[in-house]
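Take a look at the structure below.
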Amino acid sequence: MAYYRTVGTVPPKRHTQHRNEAGGLYYEELMGEEGFSSDSSLLYHRAIPSALVDSRIWALPEGKPEPNHPLKPFHFKLHDLFPGEEWRQTDAVRGRRVVLANADVRIAYVACGQPSPLYRNAIGDECVYVESGSGTVETVFGTLEVGQGDYVVLPRATTHRWLPGGEQPLRLYAIEANSHITPAKRYLSKYGQLLEHAPFCERDLRGPVGPLLVGEGERAEDTEIYVKHRGNGSSGIAGTVFVTPTHPFDVVGWDGCLYPYAFNIRDYEPITGRIHQPPPAHQVFEGNNFVICNFVPRKVDYHPLSIPVPYYHSNVDSDEVMFYCGGDYEARKGSGIGQGSVSLHPGGHTHGPQPGAYERSIGAEFFDELAVMVDTFRPLEVAEGGRASDDGKYAWSWSGRGPQDGGKQQ
649 MAYYRTVGTV
659 PPKRHTQHRN
669 EAGGLYYEEL
679 MGEEGFSSDS
689 SLLYHRAIPS
699 ALVDSRIWAL
709 PEGKPEPNHP
719 LKPFHFKLHD
729 LFPGEEWRQT
739 DAVRGRRVVL
749 ANADVRIAYV
759 ACGQPSPLYR
769 NAIGDECVYV
779 ESGSGTVETV
789 FGTLEVGQGD
799 YVVLPRATTH
809 RWLPGGEQPL
819 RLYAIEANSH
829 ITPAKRYLSK
839 YGQLLEHAPF
849 CERDLRGPVG
859 PLLVGEGERA
869 EDTEIYVKHR
879 GNGSSGIAGT
889 VFVTPTHPFD
899 VVGWDGCLYP
909 YAFNIRDYEP
919 ITGRIHQPPP
929 AHQVFEGNNF
939 VICNFVPRKV
949 DYHPLSIPVP
959 YYHSNVDSDE
969 VMFYCGGDYE
979 ARKGSGIGQG
989 SVSLHPGGHT
999 HGPQPGAYER
1009 SIGAEFFDEL
1019 AVMVDTFRPL
1029 EVAEGGRASD
1039 DGKYAWSWSG
1049 RGPQDGGKQQ
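Okay, here's the thing in structure tokens:
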């Protein structure tokens, strides 16, 4: 995101001496993308950021995803993954359960009440949607106060931790990329400014408040950082726990165009028209081989003969994942889908409104719905969290009859 910010204290010229009151040097770190050829920031540390005293394996809990074969749509009930009070003993990093995955993106869910360990995703950017609850995201860049409806975009290798707040679970829908996540490119000028036709602008983005400095006493203690990184196994993902001799929250200042930020879905201005607008009209972010869209409360189609719910369509080039996180999603009425549900409509399956929704929508002027959609351009596999939350019957909801009713499953 080419939007310059400066926080704390930085020297007037980059790559020059920056000293503390006692005359000692701060240690400059360049955090940049694409090998010094894209957005970056410069951070100034009190201690050497490369220092390690130990490195050990973090055994990631993710089971191997399974192909969607035989091909069918799914309904995952994500709230079933954390029943009762289980969330109170769960943190936002180690408690994630992966629902769907492919070589480009992993979609996970967690309901948590415990502070997470320090964490760094060195594989790709993360876009984490806050379904409900509130908390603080502490990062090397500073802090972000987050709550219901916030997208939190965390650049690759940003050291951070999640601190839930209040007496309700912090429910997070995590989109973990193997690439960078940016606003849709068609919304950006060639220099990176959000354009006039974009459904949000820089004023809507909340950057970190800081700097966040851990006290001198804590700073001298060994500190664990959980790192997700590239591996050589079948999943291509590995985990390591770094132990550092000082706390990473020792940045006295930073400046640049690369940093975490929050954007609330309520600040997204929907694009509407006389007839039904296709999903790209609702796009907000994109990564390599996937896009993120959101469907927000809005006036709907006003042509006198319009049908406001989506027309039936075949995903020729993509799998469609919809997370239902508020309101009443008109097109899915009668399917069992509700708050906290995820639907998967895979490429090769023609999908659209549930029976009756097509007709019921005629004459509607407003939809009170909230959903986050991920479209992937490579097929998704069903991971452990998806298998555990599958309702087992969504695929047959358009016909009202499935294998258990005398049909034949090939």
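Residue 649 is where the sequence shown starts when you use this note's numbering, and the numbers rise one by one after that.
Positions of the beta carbon are idealized from the N, C-alpha and C atoms, including for glycine.
Measuring C-alpha to C-alpha distances from F1025 to each of Q931, D752, L673 and K720 identifies D752 as the nearest. Going by DSSP, R1049 is part of no alpha helix (DSSP H) at all; its letter is neither H nor E. Out of Y692, R768 and K720, the CA that lies nearest to the CA of V899 is found in Y692. For I913, the secondary structure class from DSSP, reduced to helix, strand or coil, is helix. R809 sits away from E824, with the two beta carbons spaced by 8 Å or more. Segment contact: the segment 697-711 against the segment 734-741, fewer than three CB-CB distances shorter than 8 Å; contact not assigned. For A756, the uninterrupted beta strand (DSSP E) segment begins and ends at V753 to C760. Residue pairing from DSSP places Y777 in a beta bridge opposite Y799 and Y821. Cβ contact annotation for F730 (same chain, cutoff 6 Å, sequence separation greater than five): A759, in chain order.
By the 16-neighbour rule on beta-carbons within 10 angstroms, G781 is buried. Between E779 and C973 a beta carbon distance of about 5 Å is seen, short of the 8 Å cut, so the two are scored as contacting.
With respect to the 8 Å criterion, V741 and Y757 are not classified as neighbours on the basis of their beta carbons. Taken through DSSP and simplified to helix, strand or coil, D728 comes out as helix. K876 is classed as buried because its beta carbon has at least 16 other beta carbons within 10 Å across all chains shown.
Taking the Cβ atoms as the reference, H997 lies roughly 41 Å from L811, outside the contact range of under 8 Å.
For Y1006, the closest alpha carbon among the candidates V969, R653, I955 and A670 is that of I955. With contacts defined as CB atoms closer than 8 Å, W706 and G887 qualify as a contacting pair.
Scanning the segment 942-1022 for uninterrupted alpha helix (DSSP H) segments of 4 residues or longer gives 1005-1008, listed from N- to C-terminal end. In the pairwise beta carbon analysis, the segment 664-672 is classified as not touching the segment 909-926: fewer than three pairs are separated by under 8 Å. With respect to the C-alpha of Y977, the residue from E968, D949, S1009 and D967 having the closest C-alpha is S1009. For Q931, the pairing in a beta bridge is given by DSSP as C941. Secondary structure of D870 (DSSP, three-state): coil.
Taking a contact as a CB-CB distance under 8 Å, the pair E917 and P847 counts as one, their CB atoms being some 5 Å apart. Scanning R946, G683 and P927 for the CA closest to the CA of I940 turns up P927. Cβ-Cβ separation between Y651 and E850: approximately 5 Å, consistent with a contact (criterion under 8 Å).
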